[in-house]
Amino acid sequence: MTPMPKYPLSGVRILDFSTQMACPYGATLLALMGAEVIKVESRRYLDSGRRPPSRSVDPKVINMVPRFNDNNLGKLSITVDLTNPDAREIVNGLLRIADVAMANMRPGKMDKLGLGYADMRREKPDIIMLSLSSMGNQGPERQYAGYAAIFAALSGLSDATGYVGGIPTEGRATIDATAATTVAFAVAAALYHRKQTGEGQHINLSARESVGALLGEMYLDYAMNGRNPTRKGNEDDVMAPHNVYPCVDKESWVSIAVGSEREWQAFCRVLGRPEWITDARFADPHVRWKNRAALDSAVAEWTRTRKPYDVMHALQNAGVAALPSMSSKDLFTDPHSQSRGIYKEFQHKALGKRTVIGPQWKLSATSLDTAKPAPLFGEHNELVFEELLGMRRETVQEKEQSKAIY
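So for the sequence shown, my numbering puts the first residue at 878; every next one is plus one.
Rendered as structure tokens:
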């Protein structure tokens, strides 16, 4: 009987040519599932995630940027200048031993480097290539640059997020993380397809579309009803109460949502307001929703004298959805998160002790204890060039002198 692999993606090798956050973090998610991810870097085009405010390329400095380390867990790092013709032999050798290549350059840039999908297939016919860009590889705006805030704006998410009468809300790192999950999902699907058919393929992914895909309800409302949804803060279209309410400590809040008559009656009893059950202003869900401003004000009077966890326990024990609105500090000290083992702690060679978010999923049949520190710049040159590619030390030194390895 063939033994089960230790990790879901054990044996998969990925070349990560990407920078910034969305695509690199997508590769990190695959590394957390056990893939061997080789990050291809260079001093000439340093990953902006490594760049400190000083713009230094000193390894002692660029190895200490927390953002890079949090977004590139468990990878190997090699230094290859893709613009140097003398690097072609190295890159082709890497392609021949890889399963997947990932990049997030503007459409056409990898082709100009001789690393388009057709070029890669000549070295590895069944390779999977993922190209992530702001707008995708087709369309009149395909060459447009973008960052997370742009992805959110163009997807429609920003316009739908914010308070009534307010401006659209700018999306930042969470938008990149959303695109990253789409990256990981698409690669996993392509790997499954290749296992079934033996065929590789090119994945053409738009960061804008990966965010917009989550807004199906908005698109359907316009397509079916001609309505253009507007910003409504924390309000729901149907449920009331449905909001975030202030608690006793400054800047402490609790989120409460009531979705059924049973929950409403339990909610009234916990608040010590059983008379609300027969109050004409709150007699049914629609009437409660129409009078949500008055209801929110009354609920806030109750929550304002309590701590968020006290509200949570009182309402959850009665079957009502209520949870603290957590700060970063709260997330790290939350008992439930701690019991789930969400956070991993390890020693980073440059940053010292680091706490990071580990795998977000729990699989019963395979281990996922894969969270490892991000690599130092070029930390694995010797391992990859000499052991994986079989290059002689003298050849490596020649490539270093020509700055192909740089």
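Think of the CB as a built atom: it goes at the ideal place given N, C-alpha and C, for glycine as much as any other residue.
> In the region 1103-1176, which residue ranges form an unbroken beta strand (DSSP E) of at least 3 residues, counting only runs that do not cross its ends?
Replying inline: 1119-1123, 1130-1134
> Just how far apart, CA to CA, sit Val848 and Ile1282?
Replying inline: No information on residue 848 is available, as it lies outside the stretch 878 to 1283 that the chain covers here.
> Out of curiosity, what's the CA-to-CA distance linking Ile1005 and Lys1184?
Replying inline: 51 angstroms
> Which of helix, strand or coil does DSSP assign to Gly1016?
Replying inline: coil
>> Between Ala1177, Ala1084, Arg1217, which has its C-alpha nearest Tyr1033's C-alpha?
In response: Note that residue 1033 is Gly in the sequence shown, not Tyr. When only C-alpha atoms are compared, the closest one is Ala1084.
> Looking only at C-alpha atoms, which of Glu966, Tyr884, Ser895, Glu1178 sits nearest to Leu1266?
Replying inline: Glu966
> Would you say Ser1200 and Ser1137 are within 9 angstroms of each other, going by their C-beta atoms?
Replying inline: In the sequence under discussion, the amino acid at residue 1200 is Leu, which differs from the Ser named in the question. No, these two residues do not count as a Cβ contact at 9 angstroms.
>> I believe Val917 touches Leu907 by the beta-carbon criterion, under 8 angstroms. Please report the beta-carbon distance rounded to the nearest angstrom.
In response: The pair is not a contact, with the Cβ atoms about 15 angstroms apart (cut-off 8 angstroms).
>> Per DSSP, what are the beta-bridge partners of Glu1222 in this structure?
In response: Thr1232
> If you measure from the beta carbon of Met997 to each beta carbon in chain D, is any gap under 9 angstroms?
Replying inline: Of the protein chains in this structure there is only one, and it is not chain D.
> On the three-state DSSP scale, how would you describe Thr956?
Replying inline: strand
>> What does the alpha-carbon distance come out to for the pair Leu886 and Val977?
In response: 12 angstroms
> Which residues in the same chain as Thr1038 place their Cβ atom closer than 6 angstroms to its Cβ, once the five residues preceding and following it in sequence are excluded?
Replying inline: Thr1046
>> Taking the beta carbon of Lys1276 as the centre, do at least 16 other beta carbons fall within 10 Å, making it buried, or is it exposed?
In response: buried
> Residues in its own chain within less than 6 angstroms of Ala1195 by CB, not counting five upstream and five downstream?
Replying inline: Ala1143, Val1147
>> Looking only at its chain, what residues have a beta carbon closer than 7 angstroms to the beta carbon of Thr1182, apart from the 5 residues adjacent to it on each side?
In response: Val1125
> Which residues in the same chain have their Cβ closer than 6 angstroms to the Cβ of Phe1159, if we skip the five residues on either side of it in sequence?
Replying inline: Trp1153, Arg1165
>> What ranges does the beta strand (DSSP E) occupy inside the region 938-997, keeping only unbroken runs of at least 3 residues that lie completely in it?
In response: 953-956, 977-980
> Looking at C-beta atoms only, is the number of pairs between the region 1048-1062 and the region 984-1002 that lie closer than 8 angstroms three or more?
Replying inline: no
> If you check the beta carbons only, do Arg920 and Val934 fall under 9 angstroms apart?
Replying inline: yes
> Do Leu950 and Ala939 come within 9 angstroms of each other at the CB atom, strictly closer than that value?
Replying inline: Before going on, a small fix: residue 939 reads as Ile here, not Ala. No, Cβ-Cβ distance for Ile939 and Leu950 is not below 9 angstroms.
> Just checking my contact of Tyr1122 with Ala1177 at CB under 8 angstroms: how many whole Å lie between their CB atoms?
Replying inline: 5 angstroms
> If you draw a straight line from the alpha carbon of Leu1253 to that of Arg1104, how long is it in whole angstroms?
Replying inline: 51 angstroms
> In whole angstroms, what separates the C-alpha of Thr1059 from that of His1070?
Replying inline: 16 angstroms
> Considering only C-alpha positions, which residue in the set Leu1082, Ser1174, Ala1067 is nearest to Gly1075?
Replying inline: Ala1067
> Cα-Cα, which of Arg1269, Gly1218, Pro1106 is closest to Tyr1040?
Replying inline: Pro1106
> To the nearest angstrom, how far is it from the Cα of Met1095 to the Cα of Asn946?
Replying inline: 36 angstroms
>> Bridge partners for Pro1201 per DSSP, in chain order?
In response: Val1131
>> By the three-class DSSP mapping on this structure, what secondary structure does Leu1266 have?
In response: coil
> In terms of residues, what are the limits of the beta strand (DSSP E) holding Ser1008?
Replying inline: 1005-1010
> What is the DSSP secondary structure of Leu886, counted as helix, strand or coil?
Replying inline: coil
>> Taking 9 angstroms as the threshold (C-beta atoms), are Ala1065 and Met850 in contact?
In response: With the chain covering 878 to 1283 only, the question about residue 850 has no answer from this structure.
>> Relative to the C-alpha of Leu1091, which candidate in Ser1204, Phe1223, Leu1031, Gly1077 has its C-alpha closest?
In response: Leu1031
>> On the DSSP bridge list, what partners appear for Lys916?
In response: Asp893, Ser954
>> Please state whether the Cβ-Cβ distance between Asp1173 and Asn1120 is less than 9 angstroms.
In response: yes
>> Tell me the rounded alpha-carbon separation between Glu1128 and Val1115.
In response: 27 angstroms
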